[in-house]
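**Q**
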Amino acid sequence: MNKEITEAKKNLQKSGFLDIAVDVNMDLFAEIERLKKEKNAIILAHYYQEPDIQDVADYIGDSLGLSQQAAKTDADIIVFAGVHFMAETAKILSPQKKVLLPDLKAGCSLADSAPPELFRKFREKYPDHLVISYINCSAGIKALSDIICTSSNAEKIIESVPKDQPIIFAPDRNLGSYLIKKTGRDMVLWNGACMVHEIFSLEKILKLKVRHPKAKILAHPECEAAVLEVADFVGSTTGILKYSQRDEAQEYIVVTETGILHQMQKENPGKTFIPAPPNNACACNDCPHMKLNTLEKLYLCMEYEEPEITMEEGLRLAAKKPIDRMLEISAAAGL
Numbered sequence: 001m002n003k004e005i006t007e008a009k010k011n012l013q014k015s016g017f018l019d020i021a022v023d024v025n026m027d028l029f030a031e032i033e034r035l036k037k038e039k040n041a042i043i044l045a046h047y048y049q050e051p052d053i054q055d056v057a058d059y060i061g062d063s064l065g066l067s068q069q070a071a072k073t074d075a076d077i078i079v080f081a082g083v084h085f086m087a088e089t090a091k092i093l094s095p096q097k098k099v100l101l102p103d104l105k106a107g108c109s110l111a112d113s114a115p116p117e118l119f120r121k122f123r124e125k126y127p128d129h130l131v132i133s134y135i136n137c138s139a140g141i142k143a144l145s146d147i148i149c150t151s152s153n154a155e156k157i158i159e160s161v162p163k164d165q166p167i168i169f170a171p172d173r174n175l176g177s178y179l180i181k182k183t184g185r186d187m188v189l190w191n192g193a194c195m196v197h198e199i200f201s202l203e204k205i206l207k208l209k210v211r212h213p214k215a216k217i218l219a220h221p222e223c224e225a226a227v228l229e230v231a232d233f234v235g236s237t238t239g240i241l242k243y244s245q246r247d248e249a250q251e252y253i254v255v256t257e258t259g260i261l262h263q264m265q266k267e268n269p270g271k272t273f274i275p276a277p278p279n280n281a282c283a284c285n286d287c288p289h290m291k292l293n294t295l296e297k298l299y300l301c302m303e304y305e306e307p308e309i310t311m312e313e314g315l316r317l318a319a320k321k322p323i324d325r326m327l328e329i330s331a332a333a334g335l
């Protein structure tokens, strides 16, 4: 077994996770609970994680909630069941803590759409602009930004900036376009997008609506403008969840990653939630990066405390400033 562990650690950068066999008879839920207590570890999970991971997590949320939890936890180890930029954010906010990610290859198509070296050149074209970046970006992009936002607080962040101050919004062009409409601000947009939210089919959503005429359409603002136009509610994953709890409708067409349906069904057992279809035959409304994390990988990363997220201190401090600004504005706005 020791040889297997040594080999798995040696291959970690290549495989992205500890490729160690797990006993099929092991009660992973019990083992993970044991490791949490023994190591004073907390598991933070995004709504898009698989149901088993959500059920074993200490906190489930969207990017804003997860950032707030990472900033205030007193755990020694933060296990981030999400994607790479989220674990990076936890490390930026809690440098003294060990931050683990079950699979290093759990990336993000949106974050990947904004390489820092290209964004730096883009920013230089607009020297008088303030940069507001969506949290779904790398530490390198955060370090080039003035304020970070999430889909939960983006409107409040933009409204906190003086009206005569020009803004660059990155990296999501769909969220940026939606915010231009909502706030009336003329922002310069970086041309990035999320592969999951871009692939929803307006035609198929409208056909679903014909079959379910009483269903309300709930959409994430990373979706394309045509999809948002037909939505009854547009909001963050937390916003979508809360809307379904307080609204009186009994059926919903949900236009975001399918992971959110687990919490929606738990919170609203009598209601029906229909995942919106993508524009092809694959299950592309599942984020392939989010779904790289599994309960087995989560257990292994807690047991052996790898893969660990590390960061150069200069980059961490530069990336922390705009996140701190976001948390300050969010707190002042009561978010």
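Residues 1 to 335, numbered by UniProt numbering, are exactly what the sequence shown covers, in order.
Note that CB positions come from ideal geometry on N, CA and C, so glycine has one too.
(1) From the DSSP output, which residues share a beta bridge with Ser133?
(2) For Phe17, which three-state DSSP category applies?
(3) So Tyr299 and Glu31 are supposed to be a Cβ contact under 8 Å. How far apart are they, rounded?
(4) Using the Cβ count rule (16 or more neighbours within 10 Å means buried), how would you classify Gln49?
(5) Since Ala41 and Ile60 are thought to touch, with beta carbons under 8 Å apart, how far apart are those beta carbons, to the nearest angstrom?
(6) Could you tell me the alpha carbon to alpha carbon distance between Ala283 and Ser109, rounded to whole angstroms?
(7) With three or more beta-carbon pairs closer than 8 Å as the criterion, would you say the region 213 to 220 touches the region 243 to 256?
(8) Let's test the definition: count the other Cβ atoms within 10 Å of the Cβ of Thr150 and tell me whether it reaches 16, buried, or not, exposed.
(9) Nearest to Phe80 by CA position, among Pro269, Lys97 and Ile43, is which residue?
(10) On a Cα-Cα basis, can you pick out the residue from Lys291, Gly184, Leu175 and His212 that is closest to Val234?
(11) Taking Cβ to Cβ, would you say Leu66 is nearer than 8 Å to Ile323?
(12) Classify Gly270 as helix, strand or coil using the three-state DSSP reduction.
(13) Could you pull out every residue in the same chain whose Cβ sits closer than 6 Å to the Cβ of Ile274, ignoring the five residues on either side in sequence?
(14) When burial is assigned at 16 or more other CB atoms within 10 Å of the CB, is Glu313 buried or exposed?
(15) Nearest-angstrom Cα distance between Asp19 and Lys321?
(16) Using the Cα positions of Ala333 and Thr183, report the straight-line distance between them to the nearest angstrom.
(17) So, Leu327 versus Ala71, is the Cβ gap smaller than 8 Å?
(18) Whole angstroms are fine: how far does the CA of Met86 sit from the CA of Ala226?
(19) Less than 6 Å between C-beta atoms, sequence neighbours within five positions excluded: which residues of the same chain meet that for Gln54?
(20) For Asp23 and Arg34, I'd like the C-alpha separation in whole angstroms.
(21) Taking only beta-carbon positions, decide if Ser113 is within less than 8 Å of chain D.
(22) Tell me, which residues are paired with Ala81 by DSSP?
(23) In the DSSP assignment, the alpha helix (DSSP H) including Gly239 goes from what residue to what residue?
(24) Just verifying my parser: in three-state terms, what is the DSSP assignment at Val99?
(25) Tell whether a beta-carbon distance below 8 Å holds between Leu118 and Glu155.
(26) Relative to the C-alpha of Leu28, which candidate in Ser244, Met302 and Lys266 has its C-alpha closest?
(27) Go ahead and label Thr310 buried or exposed: buried means 16 or more other beta carbons lie within 10 angstroms of its beta carbon, across all protein chains shown.
(28) Please say whether Gln250 and Glu267 have beta carbons closer to each other than 8 Å?
(29) Roughly how many angstroms separate the alpha carbons of Glu308 and Lys98, rounded to a whole number?
(30) What whole-angstrom Cβ distance do Leu104 and His84 have, given they're in contact under 8 Å?
(31) Among residues of its own chain, excluding the 5 on either side of Ser133, which ones have a beta-carbon nearer than 6 Å to its beta-carbon?
(32) Going by CA-CA distance only, name the one from Phe200, Arg211 and Asn191 that's closest to Ser113.
(33) Please list the terminal residues of the continuous alpha helix (DSSP H) segment that includes Pro139.
**A** Let me lay it out:
(1) DSSP lists Ile148 and Ala170 as the bridge partner or partners of Ser133.
(2) Note: Phe17 maps to coil in three-state DSSP.
(3) Sure, about 6 Å apart at Cβ, within 8 Å.
(4) Only buried fits Gln49, as 16 or more other CB atoms lie within 10 angstroms of its CB.
(5) The distance from the Cβ of Ala41 to that of Ile60 is about 16 Å, inconsistent with a contact at the 8 Å cut-off.
(6) Because the pLDDT of Ala283 is 49, which lies under 50, any placement of that residue in the model is unreliable, and the number read from its coordinates should be weighed accordingly. For Ala283 and Ser109, the distance between alpha carbons rounds to 16 Å.
(7) At 8 Å Cβ cutoff, the stretches touch.
(8) Using a 10 angstroms sphere on the CB of Thr150, the tally of other CB atoms reaches 16 or more, which defines it as buried.
(9) The residue with the shortest Cα to Cα distance from Phe80 is Ile43.
(10) Looking at Lys291, Gly184, Leu175 and His212, the one whose alpha-carbon comes closest to that of Val234 is Leu175.
(11) Between Leu66 and Ile323, the C-beta spacing is not below 8 Å.
(12) Reduced to three states, the DSSP call for Gly270 is coil.
(13) Closer than 6 Å at the Cβ level, and outside the excluded window around Ile274, lie Ile253.
(14) Looking at its Cβ environment, which holds fewer than 16 other Cβ atoms inside 10 Å, Glu313 is exposed.
(15) Their Cα atoms are separated by approximately 36 Å.
(16) Cα to Cα, Ala333 sits roughly 16 Å from Thr183.
(17) Going by C-beta atoms, Leu327 is nearer than 8 Å to Ala71.
(18) One C-alpha to the other measures close to 29 Å.
(19) Beyond the five residues adjoining it in sequence on each side, Gln54 comes within less than 6 Å, by CB distance, of Ala45, Ile60 and His262 in the same chain, given in chain order.
(20) Straight-line Cα distance between these residues: approximately 16 Å.
(21) The chain inventory of the structure shown lacks chain D, comprising one protein chain alone.
(22) Ala45, per the DSSP bridge assignment.
(23) Gly239 -> alpha helix (DSSP H) spans Thr237 to Arg246.
(24) Looking at Val99 - three-state DSSP - the assignment turns out to be strand.
(25) Going by C-beta atoms, Leu118 is not nearer than 8 Å to Glu155.
(26) Leu28 has its Cα closest to that of Met302, out of Ser244, Met302 and Lys266.
(27) Exposed is the call here.
(28) No, Cβ-Cβ distance for Glu267 and Gln250 is not below 8 Å.
(29) The straight-line gap from Cα to Cα measures roughly 7 Å.
(30) Going by Cβ atoms, the distance from Leu104 to His84 rounds to 7 Å, so yes, they are a contact pair.
(31) Excluding residues within five positions, the ones whose Cβ falls inside 6 Å are Ile141, Ser145, Ile148 and Ala170.
(32) When each option's Cα is compared against that of Ser113, the closest is Asn191.
(33) Here residue 139 is Ala; the residue named in the question, Pro, does not match the sequence. For Ala139, the enclosing alpha helix (DSSP H) starts and ends at Ala139 to Ala143.
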